[in-house]
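**Student:**
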Amino acid sequence: MGESIGIHRFGNDERLLEFVDTINVAGGMHAGDPSSIASIVHDAVEAGVTVGAHPGLPDITGFGRREMVITADEARDLIRYQVGAVAAFVTAEGDRLHHIKPHGALFGMMARQPELMHALCDVAGDFDVPIFGLAGTLHESVAVERGVPFVAEYYVDLDYQEDGTVTVNRWGVTRDLDEVEARARRALEHGTTTSVTGRDIAVRVDSFCVHSDLPNAVEVAARVRAVVG
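For the sequence shown, the residue numbers in the numbering used here are 721 to 949.
1) Out of 805, 922 and 746, state which residue places its alpha-carbon closest to the alpha-carbon of residue 856.
2) Could you tell me whether the Cβ atoms of residue 839 and residue 796 are closer together than 8 Å?
3) If residue 916 and residue 881 are in contact, beta carbons under 8 Å, what's the gap, nearest whole angstrom?
4) Is there contact between the segment 755-762 and the segment 788-795, where contact requires at least three CB pairs shorter than 8 Å?
5) Note down the Cα distance separating residue 939 from residue 730, rounded to an integer number of angstroms.
6) Can you give the beta carbon distance from residue 740 to residue 769, rounded, assuming they're within the 8 Å contact cut?
7) Identify whether residue 879 lies in helix, strand or coil by the three-state DSSP scheme.
8) Three-state secondary structure (DSSP) at residue 751?
9) Start and end of the alpha helix (DSSP H) containing residue 948?
10) Alpha carbon to alpha carbon, how far is residue 905 from residue 747?
11) So the beta strand (DSSP E) residue 853 belongs to, where does it begin and stop?
12) For the candidate residues 800, 876, 889 and 890, whose alpha-carbon lies nearest to that of residue 947?
13) Note down the Cα distance separating residue 725 from residue 752, rounded to an integer number of angstroms.
14) Tell me where the beta strand (DSSP E) around residue 910 begins and ends.
15) First and last residue of the beta strand (DSSP E) that includes residue 772?
16) I need the straight-line Cα distance from residue 926 to residue 854, nearest angstrom please.
17) Apart from the five residues just before and just after residue 971, which ones in its own chain have a Cβ nearer than 7 Å to its Cβ?
18) Can you tell me where the alpha helix (DSSP H) with residue 921 in it begins and where it stops?
19) Output yes or no for whether 8 Å exceeds the beta carbon distance between residue 831 and residue 874.
20) Does DSSP classify residue 872 as helix, strand or coil?
21) When we look at the beta-carbon of residue 819 and count the other beta-carbons within 10 Å, is it buried (16 or more) or exposed?
Now the structure itself:
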């Protein structure tokens with residue numbers, strides 16, 4: 721959230737706050753600007769919604785969903801820069817940063833490249849916050865190795881591969897609401913989901929993720945909220 725830039729408005733942040741407990745706020749690299757960040761952080765804190773930082777690759781045109789070749793040092797600097805920005809706005813509102821959750825292509829790269837995940841853990845340690853990510857990948861194993869608290873997300877609006885990874889879409893697509901609700905309920909109650917090949921795979925759910933760029937993101941969030949209660 722907080723992904724609008726100047727006069728270009730993006731997402732439906734205000735309405736989404738009605739259905740969520742915590743949000744991921746862009747740090748200005750893949751999207752967002754200082755005023756957008758300030759606005760959503762203010763509204764979230766006022767609504768009692770916790771705020772996490774959502775650092776991404778420096779690619780506004782591609783919305784941070786195109787991979788780049790970067791070093792661990794570059795990743796650490798990118799993450800620290802963005803997390804620091806979001807944390808400053810949270811502090812200004814009298815609250816504390818809740819977590820870090822990498823965005824888009826950076827999220828996928830960190831599930832496969834341990835040196836990048838270690839860079840994320842360095843910053844999470846600096847800010848003393850947990851990492852939100854995909855269970856069963858390097859997100860979890862490196863965080864556990866480093867002693868950084870890890871929160872397993874389930875993605876109601878992304879497709880799962882047989883190995884438990886997810887496909888990060890370049891564009892948000894409208895999701896069938898009945899399917900979303902069924903997926904969320906099954907993941908929560910039975911710890912399983914169906915992969916793109918039709919095979920059932922195990923998943924863990926500490927938190928549900930809804931992407932705010934979906935055309936029907938508000939309706940999706942409302943359905944998931946109904947499942948969680």
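All C-beta atoms, glycine included, are put in the ideal place defined by N, C-alpha and C.
**Tutor:** According to the structure shown:
1) 922
2) yes
3) 6 Å
4) no
5) 16 Å
6) 6 Å
7) strand
8) coil
9) 937-948
10) 32 Å
11) 851-853
12) 876
13) 5 Å
14) Premise fails: residue 910 lies in the alpha helix (DSSP H), 897-910, not in any beta strand (DSSP E).
15) 770-774
16) 10 Å
17) One cannot answer for residue 971 here, as it falls past the ends of the chain, which runs 721 to 949.
18) Here residue 921 belongs to no alpha helix (DSSP H); instead the beta strand (DSSP E) covers 920-922.
19) no
20) strand
21) buried
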